[in-house]
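Start counting the sequence shown at 14; every next residue gets the next number (the working numbering).
Note that the Cβ used here is the ideal one computed from N, Cα and C, for glycine as well.
All values reported here derive from a predicted model rather than from experimental measurement.
Notes follow the structure.
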Amino acid sequence: MLFPKLTLILCTFLYVHVTQVVGVDKYKDYKNYKSYEVTGNSNGLNNLKNALQEDGNSIFYFGGVSSTEVVVAPELNIKFREIASREKLNVTLLYSDISKIIRFEKPWPLRGKQELSWDAYYDVPVINKYLKNVSRTYPTWTNLIVGGQSYEGRQIRGLRINTPIDNGETKPVFFIESGIHAREWIAPAVTTYFINQLLTSSDPNVKRLRDQFDWRIFPSVNPDGYHYTHTFDRFWRKTRSISPNGCVGADPNRNWDYNWGQESSSHEPCNYQTYCGSQPFSEIETRSLSSYISRIKNMLFYVSFHSYAAVLLMPLSDSRQHVENYDDLIRIGKASLDYGYKVNNVRYKNIGTAAEILYPASGGSMDWVRNTLRTPLVYTYELRGNSFHWPPSRITEQGDEVVQMMLGLATEAKKMEYF
Ligand SMILES: [Zn+2]
Numbered sequence: 014m015l016f017p018k019l020t021l022i023l024c025t026f027l028y029v030h031v032t033q034v035v036g037v038d039k040y041k042d043y044k045n046y047k048s049y050e051v052t053g054n055s056n057g058l059n060n061l062k063n064a065l066q067e068d069g070n071s072i073f074y075f076g077g078v079s080s081t082e083v084v085v086a087p088e089l090n091i092k093f094r095e096i097a098s099r100e101k102l103n104v105t106l107l108y109s110d111i112s113k114i115i116r117f118e119k120p121w122p123l124r125g126k127q128e129l130s131w132d133a134y135y136d137v138p139v140i141n142k143y144l145k146n147v148s149r150t151y152p153t154w155t156n157l158i159v160g161g162q163s164y165e166g167r168q169i170r171g172l173r174i175n176t177p178i179d180n181g182e183t184k185p186v187f188f189i190e191s192g193i194h195a196r197e198w199i200a201p202a203v204t205t206y207f208i209n210q211l212l213t214s215s216d217p218n219v220k221r222l223r224d225q226f227d228w229r230i231f232p233s234v235n236p237d238g239y240h241y242t243h244t245f246d247r248f249w250r251k252t253r254s255i256s257p258n259g260c261v262g263a264d265p266n267r268n269w270d271y272n273w274g275q276e277s278s279s280h281e282p283c284n285y286q287t288y289c290g291s292q293p294f295s296e297i298e299t300r301s302l303s304s305y306i307s308r309i310k311n312m313l314f315y316v317s318f319h320s321y322a323a324v325l326l327m328p329l330s331d332s333r334q335h336v337e338n339y340d341d342l343i344r345i346g347k348a349s350l351d352y353g354y355k356v357n358n359v360r361y362k363n364i365g366t367a368a369e370i371l372y373p374a375s376g377g378s379m380d381w382v383r384n385t386l387r388t389p390l391v392y393t394y395e396l397r398g399n400s401f402h403w404p405p406s407r408i409t410e411q412g413d414e415v416v417q418m419m420l421g422l423a424t425e426a427k428k429m430e431y432f
């Protein structure tokens, strides 16, 4: 997710705790760590922060739009409760033992051959195997594509879907980038679900959607970070590059070369969440992916999936200035949310620019794409949830919403003669 204001106030001090200095990593099981939703005024939250700072090695937090998720180590639970009560903060227990939640997110059995399905969260190799398999199943109109490289030597793999058309015209490109923040597991899951629907659905609307575009879809553009969340730390967000001081990773959605390093960006390499890197495109993932994207001609849509906030964001993320087709973006975005709403009768909370409905953030892919490539229709979906743990048994629920939301985008853009 982007990085909410409330959390931002709190973030500057505590994020040095989890294993992030290079060395031998040990699996962090989060046994008996509790997860709370905390709301209240910023003063109270600041006081909570300061009081717990001495024990900063054991507590951390992430946020939604109007609340903050706090994950508390067992030894700090009483202290946390006391301070929250003294500061009159509202505390709701989300999970009494995070380790159990994490365990049930993964496929079972953990060992042996795994095939991608949408009732568990799978690591990079299984996603890549799925992409390879479907490219073989539909060899005439799909291709396995490589959008870039990772620090640890992985490829950023995706699927191109481009069904033939009779008149020989070039179709507009619809680009989907997912999983840039490693711990937002629902994002890669709904993206592969969406691919599967494009390939197999018998719904004439989905077939039409498939045939309208030249699709480039990348489920996991931060494969090192994502793999790390599966193997060492479920809450890792960044890449896995190593800074000269030994700290690991940069936030790949603060690293793009547009107003780099300004809003909501940390310049401290050990910052657990929003270190923006040593310079624009310091991360090979963003550097190579941006280079791949630059070479695409005729890109109409650029869509990015994150979690969680249940909002639809559009450029620009770091300023209140409106882009010239702002009204169109709102109208097309609203149509998308209306389509999504019809699936489960659940509404997203808002649509707008990040600076206006969340908080300003610089160096994200969306702003770079819009500014550098002038792509007309650029969006970031913050998927639903109140934590990074969306139940695996309900992946298809958001998957079906995403299918309809993409259909809503295309239908309204067509009406408005964007293609
Ligand atoms: Zn994110």
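Tell me whether H194, by its Cβ, gets closer than 7 angstroms to a heavy atom of ligand 1. Position 181 of the sequence shown, counted from the start, is the residue given in the question as residue 194. Between ligand 1 and the CB of H194, the shortest heavy atom gap is smaller than 7 angstroms.
If you follow the beta strand (DSSP E) that M312 is in, where does it begin and where does it stop? In the sequence shown, residue 312 corresponds to position 299, counting from 1. Residues 312 to 320.
Identified DSSP bridge partners for I255: Working through the sequence shown from its first residue, we reach residue 255 at position 242. Note: I255 sits in a beta bridge opposite V261.
Could you tell me the alpha carbon to alpha carbon distance between G181 and T287, rounded to whole angstroms? Reading the sequence shown from its first residue, position 168 is the one you call residue 181. Reading the sequence shown from its first residue, position 274 is the one you call residue 287. Annotation: G181 to T287 spans about 45 angstroms, alpha carbon to alpha carbon.
Output yes or no for whether 8 angstroms exceeds the beta carbon distance between L144 and G171. The residue given as residue 144 occupies position 131 in the sequence shown. The residue given as residue 171 occupies position 158 in the sequence shown. For the 8 angstroms CB-CB criterion, L144 and G171 form a contact.
At the level of alpha carbons, what is the spacing between I297 and S233? The residue labelled residue 297 in the question sits at position 284 within the sequence shown. The residue labelled residue 233 in the question sits at position 220 within the sequence shown. The alpha-carbon atoms of I297 and S233 are separated by roughly 14 angstroms.
Quick check on R344: does DSSP put it in helix, strand or coil? In the sequence shown, residue 344 corresponds to position 331, counting from 1. Secondary structure of R344 (DSSP, three-state): helix.
Taking the beta carbon of W228 as the centre, do at least 16 other beta carbons fall within 10 Å, making it buried, or is it exposed? As a position in the sequence shown, residue 228 is number 215, starting the count at 1. Classification of W228: buried, given that the 10 Å Cβ count is 16 or more.
Per DSSP, which residues does D331 bridge with? Please list them. Stepping through the sequence shown from its first residue, residue 331 is reached at position 318. Partner residues in a beta bridge of D331, as assigned by DSSP, do not exist.
If you reduce the DSSP assignment to three classes, tell me which class S406 lands in. Here residue 406 refers to the residue found at position 393 when the sequence shown is read from its first residue. It is helical.
Buried/exposed call for Y40, threshold 16 Cβ in 10 Å: By 1-based counting over the sequence shown, the position of residue 40 is 27. Around the beta carbon of Y40, fewer than 16 other beta carbons lie within 10 angstroms, which makes this residue exposed.
Applying the 10 Å Cβ sphere with the 16-neighbour rule, what's the burial state of A426? Sequence index remark: in the sequence shown, residue 426 carries index 413 (1-based). It is buried - the Cβ of A426 has at least 16 other Cβ atoms within 10 Å.
Short of 7 angstroms in beta carbon distance, which residues of its chain neighbour G57, apart from the five on each side in sequence? Order them along the chain. Position 44 of the sequence shown, counting from 1, holds the residue named residue 57. Cβ neighbours of G57 beyond the five flanking positions: E100, K101, L102.
Check each candidate in S279, D413, R167, A423 and name the one with the smallest Cα separation from S214. For the purposes of this step, residue 214 is taken as the residue at position 201 of the sequence shown. For S214, the closest C-alpha among the options S279, D413, R167, A423 is that of D413.
Proximity test, E425 beta-carbon vs ligand 3 heavy atom, cut-off 7 angstroms: Ligand 3 is not part of the structure shown, which contains ligand 1 as its ligands.
Given that a residue counts as buried once 16 or more other Cβ atoms are within 10 Å of its Cβ, and exposed if not, what is G77? Mapped onto the sequence shown, residue 77 falls at position 64. Low confidence applies here, because G77 scores a pLDDT of 49, under 50, leaving its location unreliable and the question unanswered by this model.
With a cut-off of 8 angstroms on the beta carbons, I'd call V382 and I306 a contact; round off their distance for me. Within the sequence shown, residue 382 is the residue found at index 369, counting from 1. Within the sequence shown, residue 306 is the residue found at index 293, counting from 1. V382 to I306, Cβ: 7 angstroms. Contact.
Measure the Cβ-Cβ separation of L212 and Y151 and say whether it is below 8 angstroms. Here residue 212 is taken as the residue at index 199 of the sequence shown, counted from 1. Here residue 151 is taken as the residue at index 138 of the sequence shown, counted from 1. In terms of Cβ geometry, L212 and Y151 form a close pair [threshold 8 angstroms].
Alpha helix (DSSP H) segment containing D210, residue limits: In the sequence shown, residue 210 corresponds to position 197, counting from 1. Reading off the sequence shown, one finds Gln at residue 210, where the question assumed Asp. Note, Q210: alpha helix (DSSP H), 199 to 213.
Would you mind sorting G166 into buried or exposed? The rule is 16 or more other CB atoms within 10 Å of its CB. Here residue 166 is taken as the residue at index 153 of the sequence shown, counted from 1. Under this definition G166 is an exposed residue.
Is I193 helix, strand or coil by DSSP? Position 180 of the sequence shown, counted from the start, is the residue given in the question as residue 193. Here I193 carries a coil assignment [DSSP, helix/strand/coil].
Can you round the beta-carbon distance between S112 and K47 to whole angstroms, since I take them to be within the 8 angstroms contact cut? Locating residue 112 in the sequence shown gives position 99, where the first residue counts as 1. Locating residue 47 in the sequence shown gives position 34, where the first residue counts as 1. Actually they do not touch by this definition, with Cβ atoms about 11 angstroms apart.
Mapping DSSP to helix, strand and coil, what is V391? Against the sequence shown, residue 391 aligns to sequence position 378. When DSSP states are grouped into helix, strand and coil, V391 belongs to the strand group.
Can you tell me whether W249 is buried or exposed? The criterion is at least 16 other CB atoms within 10 Å of its CB, across all chains shown. By one-based count along the sequence shown, residue 249 stands at place 236. With 16 or more other Cβ atoms inside 10 Å of its own Cβ, W249 counts as buried.
With respect to the beta strand (DSSP E) encompassing Y108, which residues constitute its N-terminal and C-terminal limits? Here residue 108 is taken as the residue at index 95 of the sequence shown, counted from 1. Note, Y108: beta strand (DSSP E), 103 to 108.
Shortest alpha-carbon distance to F231 belongs to which of D216, V261, L302, S291? Taking the first residue of the sequence shown as 1, we reach residue 231 at position 218. Distances from the alpha-carbon of F231 to those of D216, V261, L302, S291 put L302 closest.
Which whole-angstrom value describes the C-beta separation of F401 and W198, a residue pair presumed to lie in contact below a C-beta threshold of 8 angstroms? Taking the sequence shown and counting its residues from 1, the one referred to as residue 401 is at position 388. Taking the sequence shown and counting its residues from 1, the one referred to as residue 198 is at position 185. At roughly 7 angstroms, the Cβ-Cβ gap stays under 8 angstroms, so F401 and W198 are in contact.
Output yes or no for whether 8 angstroms exceeds the beta carbon distance between I193 and N266. For this step, residue 193 is matched to residue 180 along the sequence shown. For this step, residue 266 is matched to residue 253 along the sequence shown. For I193 and N266, yes; Cβs fall inside 8 angstroms.
So what's G77 in DSSP terms, helix, strand or just coil? In the sequence shown, the residue the question calls residue 77 occupies position 64. The pLDDT assigned to G77 is 49, lower than 50, so where the model puts this residue is not dependable, and the model offers no usable value.
How far does the beta strand (DSSP E) with L302 in it reach, from first residue to last? Residue mapping note: residue 302 aligns to position 289 of the sequence shown, counting from 1. Where L302 is concerned, there is no enclosing beta strand (DSSP E), although the alpha helix (DSSP H) it sits in stretches over 297 to 307.
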